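>
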């Protein structure tokens, strides 16, 4: 490249705006107008507006004084409930996502075998993911019922427990019960996504491993796992975002109780803002994690883009 | 081909049995809640608590369905859900089609960045957005109208529809479009006469996903449409629950009526669900 004089380019002034943006720019922007309207009207402006409200000591339907970062400071230093909410959210997310990965991975490995009616089983096992979450939450709440619940009935019949357990009313079991429901709902997403990735792994890789005398475990670690890595990372991150921000399952099953044992960020923000009317404080709760969320989304988007282009 | 099993196949038999046993566990765990939901919905309030025949079907009745449809606001809620689902999906699809055509076919400054931000928008969770949206909808005096929901649902339906259709439009060969242009078709003519007819399956799938996501939406509907005659199905069901006595038979009947449309739609587009999964087709 050295030694060749750069071709003189026309100065910026010589190009019209249209040339600089692209010949198809007018139509391009025109068609994007509704999308941009939604983006600014329903996302950017509301978020900016709510951020300014998170800096006020404001009640629902009223005005309030500007208090700077007061709400955020109160949350982080003075709110004992918030501390248990943060702990709950971390436990809920880690255990749920971990369980979904594990059970989903076994499901994918299972459906990746030669099976009769494999397609049918794959469609069938996706049902928990397809059923509306509010229905799942209500049904499981009914199954967990302390007096007439079918889960207690089965466990008593099998002799696994001596007395019925009030699954959702006991702080010791409520979180576990809610997590189990969440795993039931979410594992098929991992199962079916991982299965799709496994089916794309070239078969000769396994044959080569067979020739080398690899065990099933070695084949899983050295062939399957690398083959599904991108999918695993994408699904895990997606699921982490969704699970961390979950509202419905907890709201419908326990309402955050008993004694705050299952409250998550979203249910707590709802409680503070709509049951307690402290909308400024509630907004701060939902904004507190935004930086973390943005980092996760920024890390995730290119991965999704890449996996779609493959 | 031969009937007799080879030694290798014979050695495989225990493995095959274990495989199918594990599969059976999965099928039972996945199916049981649905089975129990149906069973409960077909029992009288007395039988719901009867421990003698908890798992087996006996004394089944349809009364709960009749009560739910006849004596509650269920039909109003179903209608609201259908109206909100159709309107928000149709609006999102129009916006999504225009945006997707622009972002997948036209070249101009900023188009890549905007395409990326569509995905970004889709990943913003509703737990972050529900208070900001509530405040805006309140400012617009739209609280307790179905418009509140139709507008709010654009925040997830528009990015989803646009994202999915960008992918779909890109699979349509450019040559078809060029040929139409040479024949004197304008850009918009190409969109209407070439792209849209060819992407009919993609449009239907996107519409069904948008409809399902709207149908299942809970958080926005909880804060924005509280009056009984404006509730959508999820909120209606929730209001069953906060009554003093939990009528589980009726609740499960209502739950089945709420699930059936979604399951039917799912079966129609099952093929596409798997592809759509990693793009986050169903947000939860």
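Protein chains in written order, with the numbering used here: chain P, 10 to 319; chain D, 644 to 927. Where a beta carbon is used, it is the ideal one built from N, C-alpha and C, also for glycine. Bear in mind the structure is a predicted one, so any value in this text is a computation, not a measurement.
#1: Within 10 angstroms of the Cβ of residue 860 of chain D, are there 16 or more other Cβ atoms? Answer buried if so, exposed if not.
#2: Check the Cβ-Cβ distances between residue 129 of chain P and every residue of chain D, and say whether any is below 8 angstroms.
#3: Quick one: which chain P residues come within Cβ less than 7 angstroms of residue 815 of chain D?
#4: Taking residue 795 of chain D as the reference, give the member of D:730, D:846, D:810 and D:699 with the closest Cα.
#5: Specify, as a first and last residue, the run of the alpha helix (DSSP H) that residue 817 of chain D falls within.
#6: Near residue 895 of chain D, which residues of its chain fall below 6 angstroms by C-beta distance, leaving aside the five closest residues on each side in sequence?
#7: Check the DSSP bridge columns for residue 75 of chain P and list the partner residues they point to.
#8: Taking 8 angstroms as the CB-CB limit, is residue 755 of chain D close to chain P?
#9: Exposed or buried, which one is residue 820 of chain D when buried takes at least 16 other CB atoms within 10 Å?
#10: Select from the stretch 271-295 of chain P all residues with a C-beta closer than 8 angstroms to any C-beta belonging to chain D, and list them in chain order.
#11: Anything in chain P within Cβ reach of residue 797 of chain D, meaning under 8 angstroms, just list it in chain order.
#12: Quick one: residues in its chain with C-beta nearer than 7 angstroms to the C-beta of residue 143 of chain P, no 5 flanking neighbours on either side, listed in chain order?
#13: Measure the alpha-carbon distance for residue 285 of chain P versus residue 265 of chain P and round it to whole angstroms.
#14: May I ask you to report which of helix, strand or coil DSSP gives residue 659 of chain D?
#15: Rounded to a whole number of angstroms, what is the C-alpha to C-alpha distance between residue 834 of chain D and residue 809 of chain D?
#16: Please determine, among P:56, P:38, P:44 and P:294, the residue with the shortest C-alpha to C-alpha distance to residue 779 of chain D.
#17: Measure the alpha-carbon distance for residue 902 of chain D versus residue 852 of chain D and round it to whole angstroms.
#18: Could you list which residues in chain D have their beta carbon closer than 9 angstroms to that of residue 143 of chain P, in chain order?
#19: So is residue 49 of chain P buried or exposed if we call it buried at 16+ other beta carbons inside 10 Å?
#20: May I ask you to verify whether the stretch 203-212 of chain P touches the stretch 111-126 of chain P, counting CB pairs closer than 8 angstroms and requiring at least 3?
#21: At a Cβ threshold of 8 angstroms, is residue 792 of chain D touching chain P?
#22: Once the 5 residues before and after residue 277 of chain P are set aside, which same chain residues still bring their CB inside 8 angstroms of it?
#23: If I follow the unbroken alpha helix (DSSP H) through residue 802 of chain D, where does it start and stop?
#24: Give the straight-line distance between the Cα atoms of residue 165 of chain P and residue 174 of chain P, rounded to the nearest whole angstrom.
#25: Along the alpha helix (DSSP H) that carries residue 690 of chain D, what are the first and last residues, could you check?
The short version:
#1: buried
#2: no
#3: By Cβ distance, chain P contributes nothing, its closest Cβ being about 16 angstroms from residue 815 of chain D, past 7 angstroms.
#4: D:730
#5: 817-825
#6: 680, 683 and 684
#7: P:65
#8: no
#9: buried
#10: 274, 275, 278, 279, 282, 283, 288, 291, 292 and 295
#11: 47 and 51
#12: 257 and 261
#13: 14 angstroms
#14: helix
#15: 13 angstroms
#16: P:56
#17: 14 angstroms
#18: 859, 861, 876, 877, 878, 880, 881, 898 and 901
#19: exposed
#20: yes
#21: no
#22: 90, 91, 94, 265 and 294
#23: 797-813
#24: 10 angstroms
#25: 688-691
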